[in-house]
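Visitor: The numbering used here applies: residue 10 is where the first sequence begins, and numbers increase by one.
We put the beta carbon where it would ideally sit given N, CA and C, even for glycine.
Given the structure is predicted, the values throughout are model-derived calculations rather than measurements.
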Amino acid sequence: MSQSEQQQTETVPTSRYDAAMAQVIETRWQQWWDEQGTYVQPNPGEDGFDGSKPKYFCLDMFPYPSGAGLHVGHPEGYTATDIICRYKKMKGFNVLHPMGWDAFGLPAEQYAIQTGVHPEVTTKTAIDNFRRQLQRFGFCYDWTREFGTIDPEYYRWTQWVFLKVYHSWFDPEADGGLGKARPINDLIKEFVDGVRPVKLNPNAVEYTGAGDLPDGTDAGPWETLDNETRKAVVDSYRLAYLSQQTVNWCPKLGTALANEEVKDGLSERGNYPVFRKPLRQWMFRITAYADRLLDGLSDLDWPNSTKTQQAEWIGRSEGAEIGFPIVLPGGLEMGESLRVFTTRPDTIYGATYMVVAPEHGLVEMAIEFAGEDTDCDKINEYVKTASNRSDIERQENKEKTGVFLGLHVRNPVTEELIPVWTADYVMMSYGTGAIMAVPAQDQRDWDFAKEFDLPIVRTVTPPEDFDGEAYTGDGPAMNSEILNGLHIEEAKNKMIDWLTKHKIGAHRVNFKLRDWLFSRQRYWGEPFPIVFDDFGNHHGVSEDSLPVKLPPLTDYQPVESDTPMPLLGKATDWVETTAGKAGVDGMHSDSKVRRETNTMPGWAGSCWYYLRYCDNKNNDQLIGDAAQDYWMGEGGVDLYIGGNEHAVLHLLYARFWHMVMYDLDVVKSKEPFRKLFHQGMITSHAYQRSNKALVPIDEVENRGTEEQPVYIEIADNTPVERIVAKMSKTLKNVVNPDDVIAEYGADTFRLYEMYMGPLEASKPWNTRDIVGLYRLVQKIWRLCIDESTGELRITDNAEDTVEKQLHRMIAKVGSDIEKLSFNTAIAAMFEFVNVAKVLTKDQMERFVRVIGPFVPHVSEELWHKLGNESSVAIAEWPNFEESMLVDDEIEIPIQVMGKLRSKLHVSRDTDAKELEALALADERIKELIEGKTVRKVVVVPGRLVNIVAN
RNA sequence: GAGCCUGUGGCGGAAUUGGUAGACGCAGCGGACUUAAAAUCCGCCGGGGUAAAACCCAUGAGGGUUCGAGUCCCUCCAGGCUCACCA
């Protein structure tokens, strides 16, 4: 051994906190917690459950276990909830803090197709990897409650909920007009008893099913009807129903997608083009809940932006539905009206033409009753082009196109005949698929009118200096006979009254929200608990034949095609079965049935998972009463943290399921998630060329200094700008949590992510900054442990300033955790270790507990070194004294005219009079106000003095 | 096009909710210890100004309310997110 090496070994302390020690400490305690069951939270009725404690249900959005492993964004939210849960536990709560896997869905299937490995295998591998990674963070999850949405014991209940919804209808009159779901058997009984007229659901506008009954017509007494008609009527009321719908068909993915899964005409997964196509699909009647989904938002402690997004998605707008009598070529009135929805009934005098969507029924009628002015070829051509245009094309090209249908309607207020056009700027899916065009007050109509030379009549007087085109602002009505002079609101009301009185129209509320398309033609999802008989009628299987297990498929390659071919169709043995085997009540057990071959969308499993955590081992019920009463209580989940990318989809769907289950007495809380919080995105850096193109980080070098960097793209020596960008594989700026833990340990990682900034803010990852938090852990260690011996460093003399600072830290950390302000809580820890040089045993025991939620491993290690045998996780949160938080002597700024000029050092409780006197007597102040008149002295005791003098 | 959010040192961010702007961390600079370095400890650290002070400027820009504005109001600029031909 050389001399220098010898010296080195002598100088390196034997017990220094470094990465190697972090690994040892962290894995040791993680194993111990696991053995001890430290984080296992018993349920009501189980051993060790203490019902006297209040509950805290803290939920993370469970991850989708992808093959790529954990992203640094995952532990951000998870560390936050972990800190809160540990804190709440120490404050005496029973804490429910579970974790599971959202494991069905398209990405897993796509990945399986790419790799040729079965999705069940890849998904389970990914889950194991995710679990390992999460456990390495030392999160206090109760792993005995873990499950995946792909577990048959779990999706059994997903299917059970589907059946519940399937066997229900929405009674709009129930609950005093609020409406609620009721069992479908109630409805049938009302039909049988003659209490309710038997007719197709008037609210089921989408229904085009088998019964051949015109919408709204009474079918006659129940007993006179054949089975087919009865079924058609009942089915039209179901909350889960089959419908021929124009859906978003994605040929590349071989499946239909929900509106929510289509962004800018491309599939959210994979970015493939999406086209409109009619398909027979399972739908959820979520529109029945539009009002309740909207109204329920007001009571929730959710971010405003999320509430706004949901409200806008639901898209409630008030206006009128108006009928315009149709006049065929040649002047024949056939007694039918073209119905439109408008938010501006006051502008009806300016309605100079009508537009219907290309898919609207009137287009066919125009061809059927074609006159001289009807160019059938042109119309057919237009409709065909419009349906072939993907949504992206529609959005890219907003130039107005359209064709005159050759027929007219009578404007019911002016009695004038106005032409009817078809154009793709009117959507079949909104309102009635038809509009009255008022070019003077709507820019889109204006553009169309200009394009096709249609008349424009202003009915709202624009301001004198108005030089725009369509005027959408307020002003007195003009050219509007009975409305002239009225402002918009009054005019609207007056017109609606008039329309109602003349039975031409009525007040109407319209929603953007569409019913939820629930079928997918893919393999990796929950099968429907539904079979079809030889006549094509659907039947739910019985509850006790659940789960309907997903059949193993070796060939899960999707068929890229324009016609849907559900993958489960390949499992012929599974599909072709009998009523007895499938478990259909009320059919002969040998009757042949075919199983539904569509699967549920990825959202299904996440719609109710929070409930299952409460009682995940219950084989008889989705959730037991005692568990539900305790954990869900009145308000549901106490805190739900996850990304805002779920602001609409998941959170809206889950609320909908919850409301249905509430109506059907499955759950007792009105809403699932009382408080919601979104963690911000963790971003990274990348470089940007002058043309805004992004450059990966490994293609740029800094040719300047640290202080004045000059970033140059290596390939062509051009300067680029350093910007904040999302982490992505292509930019090569992804950070792997495993690497960070290996270099610094999990405690440092946790501190770093919490110290980056406010939890809700999006913030860039800065590897350089991690060392600051690493040093904090080391300082904590050195404050408590003698590095050279590994023994505790304890003093018998409590120093006043240290004791005071400790109380402050306890108070600050506690209140900051409650506010989810973790960065400032950590700042308080820095301040404490910067002040404290040595602690008494009593002080150390309090200190170690306060840091516990943030750095559980170091805390546990020190806690045990202090002689404790049980976990610090179940220790009590230390108290602080209010009196220790304030200084006896405080500094009071003296301002003159609002500018800081001097300071007073006075006793904390100096009153206003004395402060004023002291301030005016201050040497510096005397100088400044000399020769001036003191107009006013503002004194805020304990805060400041401001002298107004001039 | 509509709605929402954000803008504070070289960087990440604090600011008792209208009351001393820049807590805390990173980076940087100076010093102590060391043969040297690392680690650690002490100090400095928005700009101008001064020997040092005083003082002046400063929270994207401009205006307003107020004894007092990063915080409230109006206009504008920049960036981000969401929705988007929704009648």
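Determine whether the beta carbon atoms of V665 and I323 lie at a separation below 7 Å.
Guide: As a position in the first sequence, residue 665 is number 656, starting the count at 1. As a position in the first sequence, residue 323 is number 314, starting the count at 1. Note that residue 665 is Phe in the sequence shown here, rather than Val. No, the Cβ-Cβ distance between F665 and I323 is not below 7 Å.
Visitor: Cα separation between K601 and D564?
Guide: Within the first sequence, residue 601 is the residue found at index 592, counting from 1. Within the first sequence, residue 564 is the residue found at index 555, counting from 1. C-alpha separation (whole angstroms): 25 Å.
Visitor: Can you have a look at E215 and say buried or exposed, based on whether 16 or more other CB atoms are within 10 angstroms of its CB?
Guide: Taking the first residue of the first sequence as 1, we reach residue 215 at position 206. With a pLDDT of 47 at E215, under the threshold of 50, the modelled position of this residue cannot be trusted, and the question is left open.
Visitor: Do G963 and Y164 have their C-beta atoms closer together than 7 Å?
Guide: The displayed coordinates of the chain run from 10 to 959. Any statement about residue 963 would go beyond what the structure contains.
Visitor: Can you tell me which of Q637, P485, P464, D462 puts its alpha carbon nearest to the alpha carbon of E473?
Guide: Position 464 of the first sequence holds residue 473. If we check each option's Cα against that of E473, P485 comes out closest.
Visitor: Can you grab the Cα-Cα spacing for the pair T36 / A751, in whole Å?
Guide: Translated into positions along the first sequence, residue 36 becomes position 27. Translated into positions along the first sequence, residue 751 becomes position 742. Approximately 12 Å, taken between the alpha carbons.
Visitor: I'd like to confirm the pairing. Which residues does DSSP put opposite I335 in its beta bridges?
Guide: As a position in the first sequence, residue 335 is number 326, starting the count at 1. Beta-bridge pairing links I335 to V418.
Visitor: Can you give me the Cβ contacts of Y150 inside the same chain, cut-off strictly under 7 Å, excluding the 5 residues immediately before and after it?
Guide: Position 141 of the first sequence, counting from 1, holds the residue named residue 150. Correct list, in chain order: Y48, H106, P107, M108.
Visitor: Where does D310 sit, in a helix, a strand or coil, going by DSSP?
Guide: Position 301 of the first sequence, counted from the first residue, corresponds to residue 310. In the structure shown, D310 sits in a strand (DSSP, three-state: E or B).
Visitor: For V842, I'd like the list of residues in its chain whose CB is within less than 8 Å of its CB, leaving aside the five on either flank, ordered along the chain.
Guide: For this step, residue 842 is matched to residue 833 along the first sequence. Closer than 8 Å at the Cβ level, and outside the excluded window around V842, lie L785, K788, I789, L792.
Visitor: Go ahead and pull the three-state DSSP assignment for H369.
Guide: In the first sequence, the residue the question calls residue 369 occupies position 360. H369 falls in the coil class under three-state DSSP.
Visitor: According to DSSP, is N280 helix, strand or coil?
Guide: On the first sequence, residue 280 is found 271 positions in, with the first residue counted as 1. If DSSP states are grouped into helix, strand and coil, N280 belongs with coil.
Visitor: Might you give, ordered along the chain, the residues of its own chain that have their beta carbon closer than 7 Å to the beta carbon of V709, omitting 5 neighbours on each side?
Guide: Working through the first sequence from its first residue, we reach residue 709 at position 700. Closer than 7 Å at the Cβ level, and outside the excluded window around V709, lie Y696, Y720, I721, E722, I723, V729.
Visitor: Give the range of the beta strand (DSSP E) segment to which L620 is assigned.
Guide: Stepping through the first sequence from its first residue, residue 620 is reached at position 611. Looking at the DSSP string, L620 is not in any beta strand (DSSP E); the run it does join, the alpha helix (DSSP H), is 618-622.
Visitor: Buried or exposed: which applies to R944, given that a residue is buried once 16 or more other Cβ atoms fall within 10 Å of its Cβ?
Guide: Within the first sequence, numbered from 1, the residue matching residue 944 stands at position 935. The residue is exposed, with fewer than 16 neighbouring Cβ atoms inside 10 Å.
Visitor: Assuming Q290 and V243 are in contact, meaning their beta carbons sit under 8 Å apart, how far apart are those beta carbons, in whole angstroms?
Guide: Stepping through the first sequence from its first residue, residue 290 is reached at position 281. Stepping through the first sequence from its first residue, residue 243 is reached at position 234. With 8 Å as the limit, Q290 and V243 do not qualify as a contact, their Cβ atoms being about 19 Å apart.
Visitor: Rounding to the nearest angstrom, what Cα-Cα distance links K97 and V881 in this structure?
Guide: As a first step, residue 97 is located in the first sequence; it is residue number 88 there, counting from the start. As a first step, residue 881 is located in the first sequence; it is residue number 872 there, counting from the start. In a straight line, the C-alpha of K97 is about 13 Å away from that of V881.
Visitor: Going by DSSP, what residue range makes up the beta strand (DSSP E) through F457?
Guide: By 1-based counting over the first sequence, the position of residue 457 is 448. Not the beta strand (DSSP E): F457 falls in the alpha helix (DSSP H), residues 452-461.
Visitor: In three-state DSSP terms, what is F113?
Guide: Working through the first sequence from its first residue, we reach residue 113 at position 104. If DSSP states are grouped into helix, strand and coil, F113 belongs with coil.
Visitor: For L871, which residues from the same chain have a beta carbon less than 6 Å from its beta carbon, with the 5 sequence-adjacent residues on both sides left out?
Guide: Sequence index remark: in the first sequence, residue 871 carries index 862 (1-based). Excluding sequence neighbours, L871 sits near C793, V857.
Visitor: Using three-state DSSP, classify D137 as helix, strand or coil.
Guide: The residue you call residue 137 lines up with position 128 of the first sequence. It is helical.
Visitor: Looking at the secondary structure, which residues open and close the alpha helix (DSSP H) in which R855 lies?
Guide: Residue mapping note: residue 855 aligns to position 846 of the first sequence, counting from 1. Run containing R855: 850-860, per the alpha helix (DSSP H) assignment.
Visitor: Taking N103 as part of the beta strand (DSSP E), name the residues at either end of that continuous run.
Guide: The residue you call residue 103 lines up with position 94 of the first sequence. Start and end: 103-105.
Visitor: Which residues in the same chain as V947 place their Cβ atom closer than 6 Å to its Cβ, once the five residues preceding and following it in sequence are excluded?
Guide: The sequence position of residue 947 within the first sequence is 938, counting from 1. Result list for V947: N955, in chain order.
Visitor: Going by C-alpha distance, which of A190, T572, M609, D543 is nearest A588?
Guide: Against the first sequence, residue 588 aligns to sequence position 579. Per the Cα distances, D543.
Visitor: Candidates D778, I650, Q637: which alpha carbon is nearest F71's?
Guide: Translated into the one-based positions of the first sequence, residue 71 becomes position 62. Nearest option by C-alpha distance: I650.
Visitor: With a Cβ-Cβ cutoff of 7 Å, do K409 and F378 count as a contact?
Guide: Position 400 of the first sequence, counted from the start, is the residue given in the question as residue 409. Position 369 of the first sequence, counted from the start, is the residue given in the question as residue 378. Taking 7 Å as the Cβ cut-off, K409 and F378 do not qualify as a contacting pair.
Visitor: What beta strand (DSSP E) runs, 3 residues minimum, are completely inside the segment 568-643?
Guide: 585-587, 601-604, all fully within the segment 568-643.
Visitor: Rounding to the nearest angstrom, what Cα-Cα distance links I239 and S554 in this structure?
Guide: As a working note, residue 239 is residue 230 in the first sequence. As a working note, residue 554 is residue 545 in the first sequence. Rather than Ile, the amino acid found at residue 239 in this sequence is Arg. Using only the alpha carbons, I get a separation of about 26 Å.
Visitor: Which word fits C385, buried or exposed, when buried means at least 16 other C-beta atoms lie within 10 angstroms of its C-beta?
Guide: Within the first sequence, residue 385 is the residue found at index 376, counting from 1. It is exposed - the Cβ of C385 has fewer than 16 other Cβ atoms within 10 Å.
Visitor: Going by DSSP, what residue range makes up the alpha helix (DSSP H) through K98?
Guide: Indexing the first sequence from 1 puts residue 98 at position 89. Note, K98: alpha helix (DSSP H), 82-99.
Visitor: Going by DSSP in three states, K393 sits in which element: helix, strand or coil?
Guide: As a first step, residue 393 is located in the first sequence; it is residue number 384 there, counting from the start. K393 falls in the helix class under three-state DSSP.
Visitor: Between which two residues does the alpha helix (DSSP H) carrying F179 extend?
Guide: Residue 179 sits at position 170 when you count from the first residue of the first sequence. Premise fails: F179 lies in the beta strand (DSSP E), 177-180, not in any alpha helix (DSSP H).
Visitor: Do you know whose CA, among T692, G229, S177, lies nearest E85's CA?
Guide: Taking the first sequence and counting its residues from 1, one reaches residue 85 at position 76. The candidate whose alpha carbon is nearest that of E85 is T692.
Visitor: Check whether the segment 113-121 and the segment 60-76 touch, using three or more Cβ-Cβ pairs below 8 Å as the test.
Guide: Because the criterion of three Cβ pairs below 8 Å is met, the segment 113-121 and the segment 60-76 touch.
Visitor: Have a look at S438, P561, Q530 and flag the residue whose alpha-carbon is nearest the alpha-carbon of L522.
Guide: Working through the first sequence from its first residue, we reach residue 522 at position 513. Nearest option by C-alpha distance: S438.
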